[in-house]
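Have a look at the structure below, then the notes.
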Amino acid sequence: MYERASERGQMQASCALGNQYILGRGVPKDESRGVALCRRNADRGARDAQADLGEFYIGGIGVPRDFHEAARWLQLAADQGQANAALNLGRMYWNGDGVDKDRDRAAKLFRESALNGNKSAPALLAEYYFTKAAAHASEQRIEREPAIKMVYWGMVATRSDPDTAARQESQRLMNMLLAVAPDLKTKAEAMISTSVVPDN
Numbered sequence: 000m001y002e003r004a005s006e007r008g009q010m011q012a013s014c015a016l017g018n019q020y021i022l023g024r025g026v027p028k029d030e031s032r033g034v035a036l037c038r039r040n041a042d043r044g045a046r047d048a049q050a051d052l053g054e055f056y057i058g059g060i061g062v063p064r065d066f067h068e069a070a071r072w073l074q075l076a077a078d079q080g081q082a083n084a085a086l087n088l089g090r091m092y093w094n095g096d097g098v099d100k101d102r103d104r105a106a107k108l109f110r111e112s113a114l115n116g117n118k119s120a121p122a123l124l125a126e127y128y129f130t131k132a133a134a135h136a137s138e139q140r141i142e143r144e145p146a147i148k149m150v151y152w153g154m155v156a157t158r159s160d161p162d163t164a165a166r167q168e169s170q171r172l173m174n175m176l177l178a179v180a181p182d183l184k185t186k187a188e189a190m191i192s193t194s195v196v197p198d199n
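Sequential numbering from 0 applies to the sequence shown in numbering that gives the first Met the number 0.
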């Protein structure tokens, strides 16, 4: 057990050094060297390095831009519970970047990301469930199950998202649903207070 923790710590330190080379912080900027350090650890199964490598491929940082390769690395990291990898892979599915556009799969990844502590994922889930809840808005009705999920994730987002604009958008979407069904707020608050997380 100690050796595994020690090895994990060494891989994290090496990956952190790789990021320093990518950014040129405290060392000369050298994207190739930074990518090589992250790749070595990603190949050894380090989830943070896999997530970083996926992001490098998304942005073309030290490697050619390649969404397919990005998705591969992000999936490996997400499978190990890496929250940022799940978020970024979810965004790829949301937009259809290098993968087939699949908003339901994106929502599953956003939920996984949120459950693993990512503070930006709840706002994305709120947006997803808003579109589901408001599918029949022209008929002056909402779908109750996704509406409750939307209000739940919207509340989480407004309380924790680091991005002010994301918090405000979640609040705006919640207000639209609550204007039609104000009882959703009480139900969502009860779920939050009892730590009940809605499934997808």
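Note that beta-carbon positions come from the ideal geometry of N, C-alpha and C, so glycine has one too.
What's the C-alpha gap between residue i and residue j?
| i | j | result |
| --- | --- | --- |
| Met91 | Asn115 | 19 Å |
| Ile21 | Asp198 | 38 Å |
| Leu52 | Ala146 | 36 Å |
| Gly33 | Leu88 | 22 Å |
| Asn40 | Pro63 | 19 Å |
| Ala125 | Gly153 | 5 Å |
| Ala70 | Val98 | 8 Å |
| Ala106 | Ala113 | 10 Å |
| Tyr1 | Arg38 | At Tyr1, the pLDDT of 33 sits below 50, so the modelled position is not reliable and the matter cannot be decided from this model. |
| Trp200 | Arg102 | This structure leaves residue 200 out entirely; the chain is present only between 0 and 199. |
| Leu75 | Tyr127 | 24 Å |
| Gln49 | Arg110 | 20 Å |
Which residue wins for smallest C-alpha separation from residue i, given the options the options?
| i | options | result |
| --- | --- | --- |
| Asp162 | Met190, Ala178, Pro121, Asp99 | Pro121 |
| Leu36 | Ser119, Gly25, Gln19, Arg24 | Gln19 |
| Gly95 | Asn117, His67, Val179, Asp78 | His67 |
| Ala133 | Leu108, Ala178, Ser119 | Ala178 |
| Ser31 | Leu16, Ala187, Arg43 | Leu16 |
By the DSSP assignment, the alpha helix (DSSP H) with residue i in it spans what residues?
| i | result |
| --- | --- |
| Pro121 | 120–132 |
| Pro145 | 143–159 |
| Arg38 | 30–42 |
| Asp182 | 182–192 |
| Val196 | Careful: Val196 lies outside any alpha helix (DSSP H) and carries neither H nor E. |
| Val179 | 163–179 |
By Cβ distance, which residues of its chain are closer than 8 Å to residue i, with the 5 residues on each side in sequence left out?
| i | result |
| --- | --- |
| Thr157 | Arg166, Ser169, Gln170, Met173 |
| Lys28 | Tyr20, Ile21, Leu22 |
| Lys118 | Ser159, Asp160, Pro161 |
Within a Cβ cutoff of 6 Å, which residues of the same chain sit near residue i, ignoring the five residues on either side of it in sequence?
| i | result |
| --- | --- |
| Asp65 | Tyr56 |
| Leu73 | Gly53, Ala84, Asn87, Leu88 |
Note down, in chain order, each residue of its chain lying with its Cβ closer than 7 Å to the Cβ of residue i, except the 5 sequence neighbours on either side.
| i | result |
| --- | --- |
| Gln79 | Arg46 |
| Leu183 | Ala146, Ile147, Val150, Leu176, Leu177 |
| Glu144 | none |
Does the beta carbon of residue i fall short of 6 Å from some heavy atom of the ligand ATP?
| i | result |
| --- | --- |
| Pro63 | As far as ligands go, the structure on display features none, and thus does not contain the ligand ATP. |
- Query: Of all the alpha helix (DSSP H) runs that stay within the bounds of the stretch 37–119, which reach a length of 4 or more residues?
  - Reply: Fully contained in the stretch 37–119 are the following alpha helix (DSSP H) runs of length 4 or more, in chain order: 46–58, 66–78, 82–94, 102–114.
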